[in-house]
Each structure stands twice: as C-alpha cells, then as structure tokens.
Amino acid sequence: MAANIIPKETIIVDNVLRYPPTGLKVIVVGAGLAGLLAAAECWRKGHDVEVLEKSPTFSSIGDILSVGPSAWSTLHNYPSMVKEYVEVGIDALMTPCHLDGRYAMEKFEFECNREGVAEHAAYPIRIVGMNGRADVANILLNQCRRLGISVTYGVSIADYADEDGSGVAISDDGKRYQADLIIAADGIGSKSCKLILGGPVRPVSTGYTVYRAAMTSADLHDSPLLKQVLAKGERPEGRLYLGKNRHIVVTISQRLLSFGITLPDETSGIAQESWSSTINTEELLAKIPDVEQLDPLVVELIKNLPNNRIVAWKLCMRNPQSKWSSEGGHVVQVGDSAHSYIPTSANGATMALEDAISLAECLRLGGKKDLALAIKIHQMLRHQRTTLIQRVGLLNRAAWHQDRTDTIMDIVKLMPLGKWVWGHNPERYVVDNFRKAREHIETGAPFENTNLPPGHKPETWTLEGEVEREKTGHVFDPAANGDWGVC
Ligand SMILES: Cc1cc2nc3c(=O)[nH]c(=O)nc-3n(C[C@H](O)[C@H](O)[C@H](O)COP(=O)(O)OP(=O)(O)OC[C@H]3O[C@@H](n4cnc5c(N)ncnc54)[C@H](O)[C@@H]3O)c2cc1C
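Just so you know, the sequence shown maps onto residues 75 to 561 in my numbering.
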C-alpha cells in the first residue's frame with residue numbers, strides 16, 4: 075500500500091474533509107450519476123479531478139430510480155448533500171397489485187427499512203426507496219460545484235487512448251484531454267470499449283420494451299382518481315402491477331408521479347436504447363393489450379403524462395465484460411459503461427455509485443506509483459458483485475412475467491436482495507481488502523470476495539445461456555447459492 079501522506083494542512087470545503095493531495099490527475103468523462111459521484115469521491119480522496127460531459131447542459135430527462143444504502147454509504151461525508159437528499163427523497167411503500175388494481179398484498183417497506191433487519195450501510199440516514207433520476211443527478215452536481223470541481227458541458231468524447239503513461243480522451247472535434255487516469259463514466263455503449271475490449275459490446279435484445287415517463291403532480295389535469303389518492307396525504311407508493319408477459323411500475327407521491335410498462339417487443343422498431351426515443355399517449359395506449367381491464371388509475375395516469383414524451387426504451391443486455399480497463403491502467407470504466415442492467419435488477423444506479431466509491435479509495439491506497447495495480451484491484455473487488463446483480467435482473471423479469479396472478483405474494487417473496495446488497499460499504503471493503511487483493515495479484519495468494527451473499531460460489535454465465543434456461547423454465551435459483559437473508 076502507498077505510504078501515508080502526511081497532511082500539511084487540514085482541508086475542509088463545504089464541511090467535507092479532504093484527504094491530503096495524492097498528485098493524481100483524473101478526468102471523468104460523463105456527468106451521469108457514476109461520473110459525478112466519482113468526481114466528488116476523487117476530490118475527497120485528494121485527487122485532482124475534472125468532469126467532461128457530452129450534453130450541452132444539465133439534463134432533467136428521466137423518471138424514477140432506486141438507489142440503495144450501499145451507494146449512499148458515503149453520503150454522511152457530504153453534510154450539505156445529506157440535506158438535499160432528505161428534501162428530494164420519495165420514501166415510498168411498495169404495493170404489489172393485480173393488473174386490474176386490486177392490491178395483491180399489504181403495502182410493505184423496502185427491505186432495508188423493515189423492522190428487525192440488519193443495519194444498512196448508510197445508517198443512520200433514512201434511505202428512501204425511490205428518487206427522481208434528475209433529483210439524484212442534481213444533488214450530485216450541486217455537491218461537485220460546492221467543492222469547486224470543474225464540470226464542462228458540450229464535450230463529446232469520441233475515443234480513448236492509453237499512451238506514454240497517460241490516459242487520453244479525444245473529443246469529437248479532435249481535442250485531446252490528458253490525465254494520469256481517465257474514468258469513462260459515459261454510460262451504455264461507452265466509446266472506451268474500443269480501447270479496452272477491442273470494439274463495442276454487442277447489445278442483446280431481451281425481447282421487451284419499457285415505455286416510461288414521469289411528471290409532477292402539479293401538472294395533473296383531468297385526474298379525479300389520482301387527486302383522490304393524493305388528497306389522502308398518505309406515504310408515497312410504488313405500485314408493482316404483475317401480469318402475464320408484462321409488468322407496470324407506478325410511483326405516486328405528492329411531488330412526482332411516474333409510470334413504466336414493460337411489454338414484449340413489437341415490430342415497429344421505434345424503441346431504442348435512448349432517453350430521446352419517445353411516443354405519445356395514444357400510441358402507448360394502442361400498444362397495451364386489454365387496456366380496458368387495466369386499473370383505471372393507471373389509465374388515468376397514462377392520459378395525464380406529458381404527451382410525446384413517453385420514452386420507448388428497448389431493453390437490451392450485454393454479457394458481463396471481461397475487462398474494465400486499458401492495458402496500461404490509464405483508462406477505466408465505471409457504472410453502465412462497465413456493466414449495464416435491465417430495470418428489473420433494480421440496482422443499476424446503486425452498482426454505478428458503488429463503483430465510484432470503490433475506485434476513488436483504490437486510487438488513494440495505490441497512489442500515483444501503483445495506479446495500474448489499484449485499477450486491477452478495483453475490478454477484482456467489484457466484478458463478481460456487479461455481475462451477480464446483472465443476473466438477478468433476468469431472474470426478476472422472468473418471475474414478474476409469469477401468469478401466476480394468484481401467487482403474487484410468492485413472487486414478491488422470491489425477489490432476491492438481502493443484506494449482502496444493502497449492508498455493503500464499498501469504501502470500507504476496499505480498506506479491508508486492498509492488501510489481500512494485492513497479494514493475490516502479486517503472489518497468487520488465495521483471495522475470495524466477501525461482498526457477495528455469504529457462502530456464494532461465483533458462477534460463470536452468459537446472457538444467451540440464461541435466455542435458454544428461461545425458455546425451459548430453469549432460471550437460476552439464488553437461494554441455492556449463498557445466504558440472501560436480511561439479518
Ligand atoms: C438523461 C438520462 C436520464 C436517465 N433516466 C433514468 C431513469 O429515469 N431511470 C433509470 O433507472 N435510469 C435512468 N438513466 C440511467 C441511469 O442514470 C444509469 O443507468 C445509472 O444511474 C448508471 O449511471 P451512469 O453514470 O453509469 O450512466 P448514465 O447515468 O447514463 O450517465 C452517462 C453520462 O455520460 C454522458 N455521455 C455519454 N456519452 C458521452 C460521450 N461520448 N462524451 C461525454 N459524455 C458522454 C451522458 O450524457 C451521461 O450524462 C438515465 C440516464 C440518462 C443519461
């Protein structure tokens with residue numbers, strides 16, 4: 075491990091305590107969730123960091139996502155961000171429903187907030203089940219700005235290089251941005267795959283498309299049912315409607331309402347992997363079979379959604395990537411660029427943010443001298459965990475789409491998560507395992523990751539193999555491999 079750097083002074087900005095400077099210059103490509111937290115965490119760990127983003131300005135596109143406690147395990151280090159997080163959180167209860175709107179079981183808390191379960195990784199902060207995607211991006215951006223991190227919009231990176239002991243990000247207009255490390259946080263289809271893997275990672279269609287949108291409750295127009303629910307002033311609700319070959323997720327809160335329906339692909343080819351491929355209300359209603367049998371509240375919500383702004387996202391998956399970094403270790407991928415997820419994994423954003431925390435600490439412990447080693451260790455500590463969560467997404471999708479409406483309760487109980495997901499502290503994990511991982515790399519000493527379900531034996535799998543298993547009804551059984559419990 076790099077020798078301790080003795081601080082010459084104590085640096086505190088916006089009440090965030092910074093580690094002494096490491097001399098590492100880092101450029102983050104992509105001001106999405108992973109990129110912005112990577113920037114904040116790199117700053118906190120003493121690295122010199124800036125961010126480049128393709129969009130011309132901050133984008134408020136997007137609806138809802140779930141960010142678990144492990145991703146927020148660093149939140150307490152940023153007191154101003156804690157306040158903003160509390161203001162924008164949607165502390166929803168989950169409600170599994172039949173498609174016609176009947177509750178299938180009592181509303182329940184997200185797993186990490188239930189009585190009697192283990193302490194989660196962000197304790198004592200109350201971690202909410204749902205967030206607006208733009209809200210999370212905004213609070214992370216605000217934090218970067220308060221720390222004085224430069225975020226430059228309108229820079230689209232077309233290519234990456236690892237040369238002469240540096241990483242280089244090359245923009246569309248040929249400008250070269252050079253640093254000790256380039257963090258490619260540019261999301262799915264990252265341009266860094268060319269350098270790291272020799273070409274793009276092939277997206278494989280899952281056979282489904284999700285149609286999704288969000289709106290503020292202030293924008294509701296003709297909506298007696300929704301207004302009735304909101305007038306009760308109850309806790310926000312995340313409704314999960316399960317039915318044959320489709321599921322619907324609806325969020326109802328005083329501030330934000332969201333809708334998403336996953337349906338089998340059809341041939342029109344409108345849907346893409348893009349937040350800007352959109353359809354209108356009539357087109358969406360025409361795609362939903364038996365719409366007249368659907369919960370009237372859902373139909374009302376669809377009719378209120380901002381017209382022409384319903385995203386049609388083709389659900390693709392990519393096989394687990396064997397490598398996340400270039401040969402020299404000067405370009406590394408984090409978040410979706412390293413591992414993308416389908417929404418039913420419910421943990422894509424969480425894994426992306428965990429990456430950011432892990433990487434910044436690996437860089438601190440490796441220092442400039444052992445940068446390449448630190449990058450290897452980061453991947454070694456993260457790969458099995460992120461890959462297992464990818465597999466869970468497929469399992470959930472298969473479970474939610476079975477025609478077992480009488481046994482929704484059983485399906486919900488099957489949704490695997492467990493303490494291993496939300497009890498994990500990625501920064502602590504690096505501190506505890508960096509040396510052991512280094513010995514493994516340098517001497518072949520045994521090393522096993524413990525950020526998996528206790529007792530879990532990692533398995534190699536491919537997307538194609540899982541799709542075949544699903545056809546024969548033999549999806550993998552998490553309970554048979556490790557402890558997915560909550561205590
Ligand atoms: C605008 C937007 C809206 C989203 N809305 C939702 C949502 O509602 N629900 C949900 O579950 N997930 C949403 N996601 C995806 C979700 O944020 C990610 O799956 C997850 O949080 C992992 O984050 P990430 O930072 O790895 O990727 P992303 O959040 O996708 O961030 C990648 C960033 O890199 C930038 N970028 C891409 N290419 C380049 C390039 N060549 N040069 C420079 N910058 C580049 C992108 O503009 C983006 O800001 C959205 C993503 C985006 C970009």
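Note that CB positions come from ideal geometry on N, CA and C, so glycine has one too.
All of these numbers come straight from a predicted model, not from anything done at the bench.
Collapsed DSSP secondary structure at residue i in the structure displayed
i	result
R329	coil
W387	strand
A166	coil
S291	helix
G55	The chain is shown from 75 up to 561; residue 55 falls before or after that span and cannot be answered.
A258	strand
L316	strand
L337	strand
H172	strand
R456	helix
D236	strand
G409	helix
H548	coil
Y415	coil
T352	strand
F508	helix
Q55	Limits of the chain in this structure are 75 at one end and 561 at the other, which puts residue 55 out of reach.
E183	coil
T517	helix
Distance between residue j and residue i (C-alpha atoms, nearest Å)
i	j	result
A292	L269	47 Å
H452	G97	19 Å
K306	Y285	28 Å
T546	P153	51 Å
E533	N421	19 Å
G222	L439	23 Å
C171	A108	32 Å
S245	L215	22 Å
V125	K443	23 Å
N381	G136	15 Å
Y234	V242	6 Å
V303	Q346	34 Å
P95	V103	21 Å
P81	L91	12 Å
E180	C186	17 Å
P370	T148	41 Å
V504	A430	12 Å
F52	A192	Not covered by the structure: residue 52. The range shown for the chain is 75 to 561.
P616	N319	Nothing about residue 616 can be read from this structure; the chain reaches only from 75 to 561.
L139	N555	28 Å
D260	P417	18 Å
P143	R502	14 Å
W535	W558	19 Å
H548	G190	33 Å
C-beta atoms of residue i and residue j nearer than 8 Å
i	j	result
I257	V408	yes
V365	I322	no
R471	N525	no
T169	G334	no
K128	V225	no
V541	R392	no
K361	L337	yes
K119	E428	no
A253	V100	yes
A423	A145	yes
Q367	L271	no
M204	T325	yes
T280	C390	yes
V156	I86	no
W496	H194	yes
Y282	D238	no
L564	N499	Since the first residue shown for the chain is 75 and the last is 561, residue 564 is missing from the structure and cannot be characterised.
E448	G402	The question names Glu, but residue 448 is Ala in the sequence shown. Contact flag unset, no.
D410	A426	yes
I384	A287	yes
Nearest-angstrom beta carbon gap, residue j and residue i [assumed within contact, 8 Å]
i	j	result
I262	S414	5 Å
W236	V405	In the sequence as displayed, the identity of residue 236 is Asp instead of Trp. About 5 Å; that satisfies the 8 Å criterion.
E374	L299	5 Å
G206	V162	7 Å
L468	G317	Incorrect: roughly 19 Å between the Cβ atoms, too far for contact.
P310	D165	6 Å
C218	A112	With a Cβ gap of about 10 Å, C218 and A112 do not count as contacting.
L379	T355	6 Å
Q464	S432	Contact doesn't hold; Cβ gap of about 17 Å is too wide.
V560	G492	6 Å
Check: residue i C-beta below 7 Å from any heavy atom of ligand 2
i	result
D410	Judged by which ligands are present, ligand 2 is missing from the structure shown, whose ligands are ligand 1.
Check your understanding: Can you list, in chain order, the stretches of the alpha helix (DSSP H) that have 4 or more residues and sit fully within the stretch 77–160?
Key -> 107–118
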